[in-house]
Amino acid sequence: MKDIDIVYLNKEHKTIIGKHLKMISELMYYATENTKSGKYKDFLDILNSIYMYSNNFYSTMVDKQDCENGVVAEFLFLIPNMSFYTAIGFLTALKDGENDLFLRKSLEDIGINCENTTSELADILIDE
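This is the structure in structure tokens:
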């Protein structure tokens, strides 16, 4: 699923993000199943860029002595937010007039998954 080891805030963050990534990867796999070969791999490559950005954000912003709560919040929500917006753009570009309804349904499912993920992450933020 991923080539990059992701940095997490804590065990709960790891569990929630892992579940989110499994679900979004599965949804994107099926959404790209009938498109040009290699599209799913292209999406996974973009996810790897998101993981690298998240890790860099952690090392430069979160892993500091005087880290503010807003920075922690941004880090917690970074992967689900970026994967959501990436999926929107990616699937929108794949629309061809014949698959529009199918891709719209896929986007709705991805949106629901992201909403659930951010709700669970909000609980971690409250605890922090």
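Sequential numbering of the sequence shown, starting at 0, is according to numbering that gives the first Met the number 0. From the three backbone atoms N, C-alpha and C, an ideal C-beta is built for every residue, glycine too. Only a predicted model underlies this, so the values are computations on that prediction, with no experimental measurement involved.
(1) Do the CB positions of Val6 and Ser53 come within less than 9 Å of each other?
(2) Alpha carbon to alpha carbon, how far is Glu32 from Lys38?
(3) Enumerate in chain order the residues of its own chain whose CB-to-CB distance from Leu75 is below 7 Å, with the five nearest sequence positions on each side excluded.
(4) Are Ile78 and Leu90 touching if we call contact CB-CB under 9 Å?
(5) Counting only the same chain and skipping the five closest in sequence on each side, list residues whose C-beta sits under 8 Å from that of Val71.
(6) Would you kindly check if the distance between the Cβ of Ile15 and the Cβ of Ala86 is under 9 Å?
(7) Using the three-state DSSP reduction, which class does Glu114 fall into: helix, strand or coil?
(8) Does DSSP classify Tyr28 as helix, strand or coil?
Inspection of the coordinates gives the following:
(1) As a position in the sequence shown, residue 6 is number 7, starting the count at 1. As a position in the sequence shown, residue 53 is number 54, starting the count at 1. A contact, by the Cβ cut-off of 9 Å.
(2) Here residue 32 refers to the residue found at position 33 when the sequence shown is read from its first residue. Here residue 38 refers to the residue found at position 39 when the sequence shown is read from its first residue. Looking at the two C-alpha atoms, the distance is approximately 8 Å.
(3) Here residue 75 is taken as the residue at index 76 of the sequence shown, counted from 1. Same-chain partners within the cutoff: Leu8, His12, Leu120, Ile123, Leu124.
(4) Here residue 78 is taken as the residue at index 79 of the sequence shown, counted from 1. Here residue 90 is taken as the residue at index 91 of the sequence shown, counted from 1. No. Outside cutoff.
(5) Position 72 of the sequence shown, counted from the first residue, corresponds to residue 71. Only Leu8, Val61, Leu124, Glu127 meet the Cβ criterion.
(6) Taking the first residue of the sequence shown as 1, we reach residue 86 at position 87. Taking the first residue of the sequence shown as 1, we reach residue 15 at position 16. Not closer than 9 Å, so no.
(7) Stepping through the sequence shown from its first residue, residue 114 is reached at position 115. Reduced to three states, the DSSP call for Glu114 is helix.
(8) On the sequence shown, position 29 is the one that residue 28 refers to. Helix at Tyr28.
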